[in-house]
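I have placed the structure first, in the form of structure tokens, so that the comments after it can refer back to it.
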Amino acid sequence: METAQTLIRPDLLNLTPEALRALLPYLVVFAGSVVALLFCVIRAFNPKWLVTWVAVVVCAAGGYLSSQQIGAPTQGLLNGMMVSDAFSSFFNIVFLACAGLTCLASVKYLDREKLQHPEYYVLVLFSALGMMLMTSALDLVVTFIALEIMSLAVYVLVGFRRADRKSNEAAIKYFILGSAASAIFLYGVALLFGATGTMNTREILSAIQAQPELVTPLFTLGAWLAILGFLFKVASVPFHMWMPDVYEGAPAPVTGFMTTGLKAAAFATLVRLVVGLGYGKGLTQMVQDHLHTIFWVIAALTMVVGNVVALTQTNLKRMLAYSSIAHTGYLLVGIVPGGVGGYGPVVMYLTSYAIMNLGAFVVLSILAKKDDSGLNLQDLSGLSQRRPWLAFALSVFLLSMAGIPPTAGFAAKYLLFYSAVQAGEIPLVIVGVLASAVSVYYYLRVLVFMYMKDPVESADGAAAPTGAFWASLVAASLVVLTFQVGFLPARLLEIAKRVALGL
Amino acid sequence: MDLNPYFFFAFAGLAVAFALMVVLKKNPVASAFSLVMVFFCFAAIYAMMNAHLVATLQVLVYAGAIMVLFIFVIMLLAVDVESFDLGRSHRGLRVTAGVMTSTLLALFVWMFRNTSTFGKHGTHTLEQIQAVGGNTQAVSQLMFSDYILPFELTSVLLLAGIVGAVAIAKRQSARKEAK
Amino acid sequence: MISLIPLFPLVGFAVNGLWYAAVQSRPGGKSASAGVTGGLATLAILASFVVSLMLFLQLQAMPAESRVIEQVAFNWMQIGDFKLDMAFRLDSLNTLFTLVITGVGTLIHIYSIGYMGHDATPGKFFAYLNLFCFAMLMLVLGSSLPILFLGWEGVGLCSYLLIGYWYADMEKASAGKKAFIANRVGDLGFLLGMFLIFTTFGTLDFVQLKSVVTAAGHGALPAGVALGTITSICLLLFLGCTGKSAQVPLYVWLPDAMAGPTPVSALIHAATMVTSGIYMLARLNFMFSLSPDAMHVIAITGAVTALFAATIAIVQTDIKKVLAYSTVSQLGYMFLGCGVGAFGAGVFHVITHAFFKALLFLGAGSVIHGMSEEQDILKMGGLRSRMPKTFFVFLIAWLAICGIPPFSGFFSKDEILWTAFSSPHGSTWLWAIGAATAVMTAFYMTRLFSLTFLGQPRFKESHGHSQHADHAHDSHAADDHGHGHGNGHGHSDGIHVHESPWVMIGPLAVLAVLSALGGFMGIPHMSWLEHWLEPVLGAHHGIAEGINPSMEWTLMGVSVAGAVVGILVALKLYSNLGAAAKIKDASSFLHKVLTHKWYVDELYEAVFIRPINALSKGLWKGFDVAVIDRIVLGFGRVSQAAGQAARTIQTGSIQVYALVLGLGLIATVGYLVYGFAR
Amino acid sequence: MSALVVEPWLVLSFAAVIFFIGLTGVLIRRNILVLLMCIELMLNAVNLTFVMFSKQLENLGGQMAVFFIMTVAAAEAAVGLGLVIALFRTLRTVDTDQIQLLKE
Amino acid sequence: MALLDNHLLSVLVFLPLVWALVGLALPAGKEGGVSRIWALVGSLLVFALSFQLYGRFDAASAEMQMVEKLPWIESLGVSYALGMDGISLWLLLLTTFLTPIVILGSFSAVEKRFKEYYFLLMALETGMLGAFVATDVFLFYVFWEVMLIPMYLLVGIWGGKDRIYAAMKFFVYTMVGSLLMLVAIFYLAHQHQVQFGSYSTALSDLYKLALPGDGWWSIQAILFLAFSLAFAIKVPLFPLHTWLPDAHVQAPTGGSVILAGVLLKMGGYGFLRFAFPLFPAAVAQYQGIFMILSVVAIVYGAWVATVQPDVKKLVAYSSVSHMGYVVLGLFSLNSVGVTGALYQMLNHGISTGGLFLLVGMIYERRHTREIADFGGITKVMPLFAISLMIMTLSSVALPGTNGFVGEFLILLGAWKANQVLAAIGALGVIFGAVYMLWMFQRVMFGPTSNPENQKLKDLGARELVVLLPLIVAVFFMGVAPNFFFSKMETSVAAFLKRTQPALSAVATAQNASSQQIETTESQ
């Protein structure tokens, strides 16, 4: 028999219209970033505003296309390497919204910082694409590559203020620790591959469900290392150390993008990973219990450490970084029980958190002075008198983070903890609420400075930047959203639940 | 595992030795060259495992491209500073790190030793691979069908990497223009 | 109709009060004259008196066993089984009190018009007086304990307001506060007693209560109620009485209460308010008589108070203080009477005491008025000729309180002494204490009388001032700032002694008549009073076994003789001050103790006030701030410190970050290995 | 006859040794460039694991993964070195002990 | 007006907020003239509107009335459910009554940032009204928390020297307490799902839950304690009261009045509305402990108040004492005590509110609150003296004033429940008089020796208008309590009915155990 055999399966390359439609958001974003890149390169256009708008339009288009997919049936794409389901479509919208709003809010900031390089927007688009792919991926290799697409872009964005030492330092720290964590994740994937013979989470799950003896030490180690890689990305204690430094050093809009888009992406992927590796419904009892304990401790530690350290911070960006760690802890509460019931609220929380945190950083980027200075608490003294609306917006976002009704943060936290109580995690919830009681203190301290102290006359006080129209608009719309979700959380919750159900 | 144990242990030993040199040598250039040696050892082991394409790429991409990049940067930067031999971090950290990694290694090895069940075997037996024309053929064919998505994504990744590297490393012309 | 009685003074209070608050107290507002405001107030109380009188006559026309007039004004509160009406009930007991209060009250109001003629804020004063009358009338007219309590606390308030009337003097303000708080201590007992009654008997209405308590027949315990409960109720209520009626141990406020204007002392602290304790005992006599233990306590407290206060009165030199202690002592008599079961005798003494003590106080007021605010009897003397009218009325009162027949005090005091001896609850000891007190009373009253009116003046007299009395004392009234003792001494020119005007003397005369003749309503063995009170207080209890009824006359003789002896000794002693001084020196320790009122105030200060004050401070600084707050803030501090500690790991070094990551890896992987290895 | 057989766990352990040597390097070296090299070491250890399993399980997926990892490593190296250059421009150093501006 | 007919409560709750938002858009005017008039008109409008409640309330029914219910988060059974009964009626009216008074009283006290001040006051009113009418625990929690922020800002911006510390303490203290309540709410909703198959946080549904309640650490008991922590902090009950003196002293006058007048009432209201009917067995179990704590609060608060050098702090500690009475009455668990406690809540709002207003008025004149700085004020400010005297008398519970009715009923109720504790609690009657009168004496009496005090102006017309309603209320409530009781009676009885079986069960259990001890001892 000389007939040359081939491993090529042409059927994989014949895309059905449904599959094409499912892939369309990704293609649009990719195409958009390439177009934007072209505009960067071709100097004939004035790319200053054009690239921005290309990015925004692309995000909007991608978001719209994704929203069309939410109701579509779940389908595996390209050999089941990725999946288009409600979960991925929903998060696509979140990522693209974050990216688009970040782009809009960055315009004035970049002008002020003399950083108006069009690459910025391209990189934001690339990272958004990475996020989208990462959340959609089923195959861990795809997850890894998407993770790297996102990360590489973000590494660069963090270091985007190239002349600033802090920015450089943040980028290099993030890069080194991030790469190490990637390596750990990858090591886990390798072990999983050995333990199950596949890298596709769907297949892994069905394999261990069919053959419980596959849950070997090797499998457990691999699974844990893979999960750990994402626990690093979402900055849960003790894998959180990089985060405050990076958040502080990165340009304010980028930090905002990271705390929202990147965090949501990492967390969404974590959820996929946790589900795919059988946590809660496929592991042997012993492994399940041990992993549960580990998650429990990490969640508790994350909530406590994040909040407690945030208490001592005086720089707003850094404080929000620690608060972001604390929020990771709350989110983990939704994962600890290991049931689908928890994931809906996690989705909801991620969305709400994205809204309020992005808002907070947009406000910070408006407030920031050269090289993101002027973001210490003292600098906010009397802000309510100087710039009442900004102060109000920031207050809303902070109170929402503190979980005070009637804001999105409260509704989301309520639902999250509620689901945990249902799952019987009452002690953890108690740790959570006590930790969030601590958090109230530092969020309110910002309000103290803004509302209760009188303005101090600083030397460059007169040069306070003004007139960031788009950023203000973004902030305002986010305030509205914060209240809307706070008052009427039912709709978002329904979507989130449906989204999580498909996992 | 039909791996020649003598060759394997020889290359493995060499790799470990060079890896240690990467870590322990003060001079980054020495580290870099040790790393190249590690890469070569790995290539040899890959070859022994019938992963010919990977072995080749190991030499080309790692030993060739990446290491050249490293050396290039080292040279680029080393010109500017007196001493580039920074050595190691302080002792407490070193000891802790040593203890820690050894412990971790022990834990990992324990895990490996206690695993007897592995995942299901795939279809890419030696015969099958031979049938499609060898390792390189098989890998390439897979790349354009089963693994088309990650393959395409690598292109995006590289594009992103290029844009990023350019954005971050190019001379700060914009700033100067602004001034 | 009954509600009109308290309503008139309330309206008077409202009119005067609002007028004062809205007009007179405003900056630039002009004070109304005492004549106008006082006239208004007097009219109000007079109207009450008229109504009372009419109702009294109405009662009298009724058959004895149904002498009750009731009126429910409105439903005050009602919650489930707890129902409380704002209701008034007039019967033979409180009609007497009503008459005394409104009658004596009217006189004192009239008197005050003169006495307060030059006060800066007469509007305020008369408003207070009317308010007091209102409260006092509520107290006696109320058909249930809570209404009584309303009046009970109300009179306490007025007492507070009026004692501290000249508030600019901190001591007077303090005296007011002391009165209120001492009363409050008693009220606590009252309140708890009331609760216990309600939880035991389910009602607070007097009539219902009586029917429940006496359901099992006279002298028998009601079904299902332990004697201990009854005793507790009685003792708790009696605690209230000790506060309001100034008995040991809560009497301390009454002497200090003399800081108020003298008519107030007469009205509140002699004639009416302080007797409300007796009223309550009499009102609840059916309850008290069930508990022999409680009766003993009451009798003994009364006797002890009587004696104790008399000892102090002997050495006081302030004319009003002497009278104050005498009041305490006389109240002790009344309680002694009630305690031995002779509630009628107690009430009788309340009435006579109201007459003569009011007279004494008003007379003293007249003296003080005439002496330009001098109150020290050692600085008086020889006023007989200078204030003859005052002297005359005072003489009657003096004889009455000393128990010289046929003045009113004799009859009532004698009845108490006799029952103390003869009643089943009584004993020889109680009589002996009472008699001894009678002797001492005669002694110190005579001392007072002698030092004030007899002998030679011991003050520098000035002449040549205007003949009109009104002008001589403008110093005290024009400005209440400097009001007080100091002012009297400040007259380097000496004092122009003068007789008081007719508005003051008139009431005195009426009271003098009453003091002289009032006793005839209760002549032993043919007492109109006893008969009158029978529906409420029950028939006379008779005498204990083994007591010869003829002893009554003997004892009467003994006490009169004792009084006469006391009078004579005192007259002899104080006709020559040198002799008195010798005795004083001879018993300097005793004298000192007595002058300092047995150091009771100091004792209370040391035992209650200071420790609680110190404790409070300690609790505040030592517990509130140092413990609770420290714990609360401690949580914050611990969090902060933990945060700081966690910060220190955050060194900024990549290696350390990676190390922590690695440690997390070890911990988790180790835990998993442990799981497999187990 | 050789009794010596290369058991899978032995290869795995060898890879782990290399991996942890790399990790140790990240922990103890101060030169950022060497840190980057150490991360390459770690990735190589992973690659070895993949290839081993690929062979053992007769599944070329492992080798595919290696191919992608190499690509990623290249891109990472490019960006990482770019970052190092940028850092060096402003800080004039590649010493991790010198880049501790951001802390606590 | 169909809107008013069908949604009176919603209109009432949100009108202040909407009104205030419009006010934000208006110019503040000179010295905040526009803002304050706008706020005053708005609050008066709300007050007038609240009379509708009184008129339409059916006292004979214990059911929730004027009910509004809209699904809110259906999947969790959360609804926007409003309703009122005899318990909330008067608290609502108290709120709407005090708000215009506070606004009018703040005219001269507020010297900066007028617009925000009046906005926050009205927003606060929305929160308070909402909390009193919410019949869904989730909704209640929302309003409960929403109240905190305006109060926090009021204290923090317009407060005294240590305002920030006080504001923080207030907020964090309250927040810590309420968060555990939140967890308990989760558990309740979860239990509803377990027992009835659907989620619900509606109060009426949760009442139906069967929760094991035997012993000290039963599920009911733990849930009860979680709720109680929130309420006890708010009340505040000893030993969780330390935020109160700080908050009161530092808050601006208006803030203090609202804080004392309404916010503290949330705690008592919460006990009655939530803790009692939801956890009857646990309430019966813990009755003694809470009574002890409240008695301690009464005496302790009074003692500590006695030695305060600052008038406002004295009044603040007196609040601790007075609210101790409230809790004592509530936990007497009989209709007399509970009615008394409810009444005492109203009283405390009136009298302590009045006291704070008066302290504020003198503070505006003298810029000090140290008792030692005063003396002889009566002479120069007679009307002030009269007003203060009336409020003082109300505070010391003189019969004829409102305070007496409340304290009397509370003590009577407590006496029925436990005579020893009631007796100790009654000591407050004495100590209350001690600290109030002593303060009064030191401030108002004596010679007007300080020259600064000699030139003080007496109360002006506006201040009198502020005080008069309170003074009238003091006497009216003292004389005609039935006017109020008649509306509460049915509701209180209905609430108590739920605790009675549990109460008798606990009593029997205790009797049984004590009998057992006796029998074992006799053996």
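Protein sequences appear in the order of chains A, B, C, D and E.
Under this note's numbering, read the first sequence as residues 10 to 512, first letter to last.
Under this note's numbering, read the second sequence as residues 26 to 204, first letter to last.
Under this note's numbering, read the third sequence as residues 250 to 927, first letter to last.
Under this note's numbering, read the fourth sequence as residues -18 to 85, first letter to last.
Under this note's numbering, read the fifth sequence as residues -7 to 515, first letter to last.
For glycine and all other residues, C-beta sits at the position ideal for the given N, C-alpha and C.
What three-state label does DSSP hand A472/A in the structure shown? Counting from 1 along the first sequence, the entry for residue 472/A is found at position 463. Note that A472/A scores 46 on pLDDT, short of 50, meaning its location in the model is unreliable; the coordinates nonetheless yield the value given after this. Looking at A472/A - three-state DSSP - the assignment turns out to be helix.
Buried or exposed for M100/B, going by 16 or more other Cβ atoms inside 10 Å? One-based indexing of the second sequence puts residue 100/B at position 75. Exposed, because fewer than 16 other Cβ atoms sit within 10 Å of the Cβ of M100/B.
Exposed unless 16 or more other CB atoms sit within 10 angstroms - verdict on F383/C: Locating residue 383/C in the third sequence gives position 134, counting from the first residue. By the 10 Å Cβ count, F383/C comes out buried.
Output the distance between the C-alpha atoms of R28/E and R454/E, rounded to the nearest integer angstrom. Taking the fifth sequence and counting its residues from 1, the one referred to as residue 28/E is at position 36. Taking the fifth sequence and counting its residues from 1, the one referred to as residue 454/E is at position 462. Computed Cα separation, rounded: 13 Å.
Strictly below 7 Å CB to CB, what residues from chain C border V7/D? Locating residue 7/D in the fourth sequence gives position 26, where the first residue counts as 1. When 7 Å is used as the limit between beta carbons, V7/D is near these residues of chain C: A907, in chain order.
When you compare the CB positions of L921/C and T293/A, do they come within less than 8 Å of one another, or not? Here residue 921/C refers to the residue found at position 672 of the third sequence. Here residue 293/A refers to the residue found at position 284 of the first sequence. No, these two residues do not count as a Cβ contact at 8 Å.
Quick check on P637/C: buried or exposed, where buried means 16 or more other Cβ atoms within 10 Å of its Cβ? Taking the first residue of the third sequence as 1, we reach residue 637/C at position 388. Classification for P637/C: exposed.
Cβ-based burial, R879/C [other Cβ within 10 Å; buried from 16]: The count along the third sequence starts at 1 and reaches residue 879/C at position 630. By the 10 Å Cβ count, R879/C comes out exposed.
L490/A beta carbon less than 8 Å from that of I364/A: As a working note, residue 364/A is residue 355 in the first sequence. As a working note, residue 490/A is residue 481 in the first sequence. Less than 8 Å separates the beta-carbon of I364/A from that of L490/A.
Can the beta-carbon of P374/E be found less than 8 Å from the beta-carbon of S274/C? Walking along the fifth sequence from the start, residue 374/E turns up at place 382. Walking along the third sequence from the start, residue 274/C turns up at place 25. Yes, the Cβ-Cβ distance between P374/E and S274/C is below 8 Å.
Tell me whether T917/C is buried or exposed, calling it buried when 16 or more other Cβ atoms sit within 10 Å of its Cβ. The residue given as residue 917/C occupies position 668 in the third sequence. Per the 10 Å Cβ criterion, buried.
Kindly indicate which three-state DSSP category Q81/D falls into: helix, strand or coil? Position 100 of the fourth sequence, counted from the first residue, corresponds to residue 81/D. In the structure shown, Q81/D falls within a coil segment according to DSSP collapsed to helix, strand and coil.
Paired residues, beta bridge with R73/D - DSSP: Taking the first residue of the fourth sequence as 1, we reach residue 73/D at position 92. For R73/D, which the question treats as bridged, DSSP gives no partner whatsoever.
Helix, strand or coil for E783/C per DSSP? Working through the third sequence from its first residue, we reach residue 783/C at position 534. Three-state result, E783/C: helix.
Unbroken alpha helix (DSSP H) runs of length 4 or more, entirely within the segment 196 to 281 of chain A: which are they? The segment 196 to 281 of chain A contains, as complete alpha helix (DSSP H) runs of 4+ residues, the segments 210 to 219, 226 to 242, 251 to 258 and 261 to 266 (chain order).
Does any residue of chain B have a CB that is nearer than 8 Å to the CB of F925/C? Residue numbering aside, residue 925/C sits at position 676 when the third sequence is read from its first letter. At least one chain B Cβ lies under 8 Å of F925/C.
As a quick exercise: from T87/E, G207/E, L(-4)/E and V33/E, pick the residue whose alpha carbon is nearest that of A274/E. Start at 1 with the first residue of the fifth sequence, and residue 274/E comes out as number 282. It is G207/E whose Cα lies nearest to the Cα of A274/E.
Would Q336/E be called buried (16 or more neighbouring beta carbons within 10 Å of its own) or exposed? For the purposes of this step, residue 336/E is taken as residue 344 along the fifth sequence, with counting starting at 1. The residue is buried, with at least 16 neighbouring Cβ atoms inside 10 Å.
Is the CB-CB distance between F124/E and T87/E below 8 Å? Locating residue 124/E in the fifth sequence gives position 132, counting from the first residue. Locating residue 87/E in the fifth sequence gives position 95, counting from the first residue. Using a Cβ distance threshold of 8 Å, F124/E and T87/E count as a contacting pair.
I need the DSSP call for N29/B, collapsed to helix, strand or coil. What you label residue 29/B is simply residue 4 of the second sequence in a count that begins at 1. Secondary structure of N29/B (DSSP, three-state): coil.
From the beta carbon of L14/D, is the nearest beta carbon of chain C less than 8 Å away? As a first step, residue 14/D is located in the fourth sequence; it is residue number 33 there, counting from the start. False, the Cβ-Cβ gap to chain C never drops below 8 Å.
Distance cutoff 8 Å, beta carbons only. Does L882/C sit that close to anything in chain A? Taking the third sequence and counting its residues from 1, one reaches residue 882/C at position 633. Chain A, which has no Cβ nearer than 8 Å to the Cβ of L882/C, makes this no.
My output table needs one value for K123/A: the three-state DSSP class, helix, strand or coil. The residue you call residue 123/A lines up with position 114 of the first sequence. DSSP, read as helix, strand or coil, puts K123/A in coil.
Which residue wins for smallest C-alpha separation from V813/C, given the options E710/C, A894/C, A926/C and A684/C? Numbered from its first residue, the third sequence carries residue 813/C at position 564. When only C-alpha atoms are compared, the closest one is A684/C.
Please decide whether I903/C counts as near chain A, where near means a Cβ-Cβ distance under 8 Å. The residue given as residue 903/C occupies position 654 in the third sequence. Yes, its Cβ sits closer than 8 Å to a Cβ of chain A.
What are the residues of the segment 244 to 274 of chain E that lie near chain A, defined by any Cβ-Cβ distance shorter than 7 Å? Those would be none; no residue qualifies.
State the DSSP-derived secondary structure class of S567/C, mapped to helix, strand or coil. Position 318 of the third sequence, counted from the start, is the residue given in the question as residue 567/C. Residue 567/C is actually Asp in this sequence, not Ser. Under the three-state reduction of DSSP, D567/C is assigned to strand.
Identify every residue that forms a DSSP beta bridge with T393/E. The residue labelled residue 393/E in the question sits at position 401 within the fifth sequence. P391/E, per the DSSP bridge assignment.
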